[in-house]
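Peer 1: Structure provided below as structure tokens; questions to follow.
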Amino acid sequence: MLTRQEKDDLMTVINILFDDNQLRGLKPNLNERTAEVVEQAMEELIKCNNRMKELVTGLTMGISVFTRGWLKQSLDKIAQALRDKQLQFDGVACRHQVAANFGTEIYRSTF
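Position 11 (the sequence shown) corresponds to 98 in our numbering; numbering is contiguous.
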């Protein structure tokens with residue numbers, strides 16, 4: 088079960104990565120499965136976007152990015168970095184690809 092702060096941080100990440108009004112309304116329903124799907128989406132984005140890789144690698148402080156659960160362990164730091172706009176996407180194509188591949192799955196994870 089996600090804490091209130093984890094839901095806030097996860098929603099920050101979702102808002103910035105997906106910019107989808109439909110997903111914004113699901114904040115009360117965010118759960119562990121949602122965090123797992125967002126983690127998978129971020130892994131896909133990392134493969135596509137070198138700046139995201141550098142950011143996440145720096146913020147996870149030694150946690151292997153490809154060990155399940157890495158996002159939840161660093162959620163507060165990643166959400167803050169995204170809020171502070173430390174991340175600039177290499178290209179819109181990466182973001183759209185990830186949104187297309189994972190947006191529906193994030194929505195489904197909340198039910």
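All residues carry an ideal CB built from backbone N, CA and C; glycine is no exception.
Measuring only the C-alpha atoms, how far is Glu93 from Asp163?
Peer 2: Walking along the sequence shown from the start, residue 93 turns up at place 6. Walking along the sequence shown from the start, residue 163 turns up at place 76. Glu93 and Asp163: Cα-Cα distance of roughly 7 Å.
Peer 1: Have a look at Ala166 and Met98 and give me their C-alpha separation to the nearest angstrom.
Peer 2: Numbered from 1 along the sequence shown, position 79 holds the residue referred to as residue 166. Numbered from 1 along the sequence shown, position 11 holds the residue referred to as residue 98. Their Cα atoms are separated by approximately 9 Å.
Peer 1: Val185 to Arg91, Cα distance in whole Å?
Peer 2: Start at 1 with the first residue of the sequence shown, and residue 185 comes out as number 98. Start at 1 with the first residue of the sequence shown, and residue 91 comes out as number 4. About 26 Å.
Peer 1: Looking at Leu110 and the ligand GTP, is the gap between the Cβ and the nearest heavy atom below 8 Å?
Peer 2: As far as ligands go, the structure on display features none, and thus does not contain the ligand GTP.
Peer 1: Would you tell me roughly how many angstroms separate the C-alpha atoms of Glu130 and Ala122, rounded to the nearest one?
Peer 2: Counting from one through the sequence shown, the residue named residue 130 turns up at place 43. Counting from one through the sequence shown, the residue named residue 122 turns up at place 35. Between Glu130 and Ala122, the C-alpha separation is close to 12 Å.
Peer 1: Rank Phe105, Cys181, Ala187 and Arg120 by C-alpha distance to the C-alpha of Lys134 and give the top, closest one.
Peer 2: Walking along the sequence shown from the start, residue 134 turns up at place 47. Answer by Cα proximity: Cys181.
Peer 1: Which whole-angstrom value is the C-beta distance of Leu110 and Tyr194, which I expect to be below 8 Å?
Peer 2: Against the sequence shown, residue 110 aligns to sequence position 23. Against the sequence shown, residue 194 aligns to sequence position 107. About 6 Å; that satisfies the 8 Å criterion.
Peer 1: Since Leu162 is in the alpha helix (DSSP H), which residue starts that stretch and which ends it?
Peer 2: Sequence index remark: in the sequence shown, residue 162 carries index 75 (1-based). Looking at the DSSP string, the run of the alpha helix (DSSP H) that includes Leu162 is Trp157 to Arg170.
Peer 1: Do Val125 and Leu158 have their C-beta atoms within less than 9 Å of each other?
Peer 2: As a position in the sequence shown, residue 125 is number 38, starting the count at 1. As a position in the sequence shown, residue 158 is number 71, starting the count at 1. Yes, the pair counts as a contact, with Cβ atoms nearer than the cut-off.
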